[in-house]
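Engineer:
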Amino acid sequence: MLVGRMTQSSYELKDEDTNRDQQVTETRLQVITSCRWILAYVGCLCFTIINALRINLSIAMICMVKPANVSESQQSVSDECLNKYSNTSTDQLNGGEIEWDKDLQGWVLSSFFYGYIVTQIPGGYLSGRFGGKRVMLVGLFIYGVVTVLMPLAARYDKKDYTTSAGLAIALRVMAGLSTGVVFPAMQNLLGHWSPPYERSKLNILCFSGTMAGNVLMLGVGGFFCEWNAFDGGWPSIFYVGGGICLLFCFLWHFLVFDSPEEHPRISEREKLYIMKSLEGVTIQKNDSVPWMEMMKSAGVWAIIVVHVTSNFGEYTLLTKLPAFMKEVLHFEIKSNGLYSTLPYIAMFITANTAANVIDTMREKGVVSTRTARQIAGLLASFVPAAFLVGVGYVPCNKNYLGVVFLVIAVAFTGFSWLTYATNSQDIAPKYAGEIFGISNTAATIPGMVAPKLVNAMTPGGTAEEWRSVFYVWGAVYIAGGIFYCIFARGETQLWAAEKRHTNLELKHQESVK
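Written as structure tokens, this is what we have:
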């Protein structure tokens, strides 16, 4: 009798597996409205908000701070370009109510990263233990609050601006601490939700929100600067952005869940599809992290290096592109913001298009995962390096050509997201959050260094000084691309491939018993 029950149970399991495979095939067609893609949409909006708030100070700095005295050599060049080729008036170069010198501005801009670097690895670890949803929610709430408080800090003591700068630095450090957990936490969430052959598409759609955030803030920041109807204009950048972040916390709470098993509205078909595709690769809360094996892995170091070199260029753009557009290309504040958005629009399109193409090629066996990542690494380093050097030689009377070169350069940096942002899930899906925490910790250092380095290299804001910046930038890009192509890996590494019992397998065992 017992044998008969076991035989009958085995047949039922075979039928169940057949039905499940059929459901999996059907589920893959249900993309747009699926819960995993809704997670990517919400994640994209999340990173749009986060990055808009990250660079808001770079935009506000142009109109909130009184400009430094311009040297005679710079003024002679600037006058020629301003008078003949630009819409910028000398009146637009004046104004501002905060008296921070250029060195102090560099400290305020870079202070975000001093907090950001601290919580990267803890963010990945905490997300693996308590879930990415909760960790991100706490970080987002704190980020919104400190953003709203920034104008109060900047205006705190108009007689002693070092005090106001100190308060602004403190708030930016807190902003960095709160958002340092966000990227590794999102990696943890995507590790539980992304089927292997949808990995690039879901990851890039989600993280391309950072590019959308750049577009949003660079596009509207200039208008807020000149919108004097409320509190002098520039504080609105912080009030509106921080308020939106706080409202978004409610949306995040109701739409995002740590895994398919915890989602109350997911269909059974989609749940089975995701769990089946991730069998044995999703980290459980009681798993130990193989830190030593991880740090000995060439694939992990490839991710770290390409992340650092990519961020060196990206953070320079985020913090100093508005200044370059103003000092060298001589665009006034409104057109500065509009033209500054074009590179990131191109980057958004490039990254998402490339992700879809690469996932399709991988699924059809045209290229291996490693080869796909290597191609992306080459395109993300050599092409931007060439066009950035070219930007340095664009004369001010052809400033629109400089915009074209910047658009092409930044568009191709979109391929870098197919390396460090997704490769950790290729080589160690269980520990993607921890790996991203490590790489993003190292990649935060350029954010601390870049504003000061650019300020030191461009004391007069001349084209020749910026040319040197682009040479250094291009060399760093190329070095990172070469290193990544040599050491990158594409398949799950042995130290991350230990078989774990998923909840689905446990249910099967219980049914057999």
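First residue of the sequence shown: 429, per this note's numbering; consecutive thereafter.
Idealized CB from N, CA, C, for every residue including glycine.
#1: Verify whether the separation of the beta carbon atoms of P623 and I702 is less than 9 Å.
#2: Is the beta carbon of C491 less than 9 Å from the beta carbon of G670?
#3: When burial is assigned at 16 or more other CB atoms within 10 Å of the CB, is D588 buried or exposed?
#4: Starting from the N-terminal side, write out each stretch of the alpha helix (DSSP H) that is 4 residues or longer and does not extend beyond the segment 655-713.
#5: Which whole runs of the beta strand (DSSP E) in the segment 891-919 are 3 residues long or more, in chain order?
#6: For a quick check, are the C-beta atoms of F810 and I906 less than 9 Å apart?
#7: Do R627 and T850 have their C-beta atoms within less than 9 Å of each other?
#8: Within the continuous alpha helix (DSSP H) that includes L532, where are the two ends?
#9: Between G641 and V601, which are expected to be in contact by the criterion C-beta below 8 Å, what is the C-beta distance as a whole number of angstroms?
#10: To which residues of the same chain is A804 closer than 6 Å at the C-beta, ignoring the five residues directly before and after it?
#11: With 16 other CB atoms within 10 Å as the buried threshold, where does I478 fall?
#12: Compute the beta-carbon to beta-carbon distance between F632 and N827, rounded to the nearest angstrom, for a pair I have assumed lies under 8 Å.
#13: Please tell me whether, using a cut-off of 8 Å, the distance from the CB of A907 to the nearest non-hydrogen atom of the ligand SAH is below it.
#14: Which residue's Cα is closest to the Cα of R798: A870, M775 and I914?
#15: Please identify the residue among Y625, L565 and V897 whose C-alpha is closest to the C-alpha of T788.
#16: Using alpha carbons as the reference points, say which of F911, V717, V877 and M885 lies closest to I415.
#17: Let me know the secondary structure DSSP gives V822 once reduced to three states.
#18: By alpha-carbon positions, which one of V668, Y571 and L554 ends up nearest to L617?
#19: By a C-beta neighbour count over all protein chains shown, 10 Å radius and 16 as the cutoff for buried, is G793 buried or exposed?
#20: For M723, count neighbouring C-beta atoms within 10 Å of its own C-beta (all shown protein chains included) and say buried if the count is 16 or more, exposed if not.
#21: Which whole-angstrom value describes the C-beta separation of M639 and I487, a residue pair presumed to lie in contact below a C-beta threshold of 8 Å?
#22: Looking at the secondary structure, which residues open and close the alpha helix (DSSP H) in which Y828 lies?
#23: Should D531 go down as buried or exposed, given a rule of 16 or more other Cβ atoms within 10 Å for buried?
#24: If you drop the 5 nearest sequence neighbours on each side, which residues of the same chain put their C-beta closer than 6 Å to that of M564?
#25: If we require 4 or more residues per run, which alpha helix (DSSP H) segments fall completely within the segment 716-783?
#26: Using 8 Å as the Cβ pair cut-off and three pairs as the minimum, do the segment 678-687 and the segment 876-890 touch?
#27: How long is the line joining the alpha carbons of G594 and Q533, rounded to whole angstroms?
#28: Can you tell me whether DSSP reads I526 as helix, strand or coil?
#29: Can you grab the Cα-Cα spacing for the pair M578 / C474, in whole Å?
#30: Do you know offhand how far G861's Cα is from G875's?
Structural biologist: In short, the structure shows the following:
#1: Walking along the sequence shown from the start, residue 623 turns up at place 195. Walking along the sequence shown from the start, residue 702 turns up at place 274. Contact: yes.
#2: The count along the sequence shown starts at 1 and reaches residue 491 at position 63. The count along the sequence shown starts at 1 and reaches residue 670 at position 242. No, the pair does not count as a contact, with Cβ atoms beyond the cut-off.
#3: Your numbering for residue 588 matches position 160 in the sequence shown. Classification for D588: exposed.
#4: 663-683 and 696-705
#5: None, since the segment 891-919 contains no complete beta strand (DSSP E) of that length.
#6: The sequence position of residue 810 within the sequence shown is 382, counting from 1. The sequence position of residue 906 within the sequence shown is 478, counting from 1. Cβ distance < 9 Å, so F810 and I906 count as in contact.
#7: Sequence index remark: in the sequence shown, residue 627 carries index 199 (1-based). Sequence index remark: in the sequence shown, residue 850 carries index 422 (1-based). Yes, the Cβ-Cβ distance between R627 and T850 is below 9 Å.
#8: For this step, residue 532 is matched to residue 104 along the sequence shown. It spans K530 to Y544 - the alpha helix (DSSP H) in which L532 sits, taken as one unbroken run.
#9: Against the sequence shown, residue 641 aligns to sequence position 213. Against the sequence shown, residue 601 aligns to sequence position 173. That belief does not hold up - the Cβ atoms of G641 and V601 are roughly 20 Å apart, past 8 Å.
#10: As a working mapping, residue 804 is identified with position 376 in the sequence shown. Contacts found: F843, L846 and T847.
#11: On the sequence shown, position 50 is the one that residue 478 refers to. Counting Cβ neighbours within 10 Å, I478 comes out buried, since at least 16 surround it.
#12: In the sequence shown, counting from the first residue as 1, residue 632 sits at position 204. In the sequence shown, counting from the first residue as 1, residue 827 sits at position 399. First, the residue type needs correcting, since residue 632 is Ile and not Phe in the sequence shown. About 31 Å; that fails the 8 Å criterion.
#13: This structure simply doesn't include the ligand SAH, nor any ligand for that matter.
#14: For the purposes of this step, residue 798 is identified with residue 370 of the sequence shown, where counting begins at 1. Ranking the options by Cα distance to R798, first place goes to I914.
#15: As a position in the sequence shown, residue 788 is number 360, starting the count at 1. Of Y625, L565 and V897, the residue nearest in Cα terms is Y625.
#16: Any question about residue 415 goes unanswered here, given that the chain covers just 429 to 941.
#17: Your numbering for residue 822 matches position 394 in the sequence shown. Note: V822 maps to coil in three-state DSSP.
#18: For the purposes of this step, residue 617 is taken as residue 189 along the sequence shown, with counting starting at 1. Among V668, Y571 and L554, the Cα nearest to that of L617 belongs to L554.
#19: The residue given as residue 793 occupies position 365 in the sequence shown. By the neighbour-count rule (16 or more Cβ atoms within 10 Å), G793 is not buried but exposed.
#20: For the purposes of this step, residue 723 is taken as residue 295 along the sequence shown, with counting starting at 1. With fewer than 16 Cβ atoms within 10 Å of its Cβ, M723 is classed as exposed.
#21: For the purposes of this step, residue 639 is taken as the residue at position 211 of the sequence shown. For the purposes of this step, residue 487 is taken as the residue at position 59 of the sequence shown. With 8 Å as the limit, M639 and I487 do not qualify as a contact, their Cβ atoms being about 16 Å apart.
#22: Counting from 1 along the sequence shown, the entry for residue 828 is found at position 400. Its alpha helix (DSSP H) spans residues N827 to T841.
#23: Taking the sequence shown and counting its residues from 1, one reaches residue 531 at position 103. Answer is exposed; the Cβ neighbour count stays below 16.
#24: Working through the sequence shown from its first residue, we reach residue 564 at position 136. Excluding positions up to five away in sequence, the list reads V610 and A613.
#25: Taken in chain order, the whole alpha helix (DSSP H) runs of length 4 or more contained in the segment 716-783 are 719-724 and 726-755.
#26: No, the segment 678-687 is not in contact with the segment 876-890.
#27: If you number the sequence shown from 1, residue 594 lands on position 166. If you number the sequence shown from 1, residue 533 lands on position 105. Straight-line Cα distance between these residues: approximately 11 Å.
#28: Within the sequence shown, numbered from 1, the residue matching residue 526 stands at position 98. If DSSP states are grouped into helix, strand and coil, I526 belongs with the strands.
#29: Position 150 of the sequence shown, counting from 1, holds the residue named residue 578. Position 46 of the sequence shown, counting from 1, holds the residue named residue 474. In this structure, the straight-line span from the alpha carbon of M578 to that of C474 is close to 20 Å.
#30: Numbered from its first residue, the sequence shown carries residue 861 at position 433. Numbered from its first residue, the sequence shown carries residue 875 at position 447. Straight-line measurement puts the Cα of G875 at about 21 Å from the Cα of G861.
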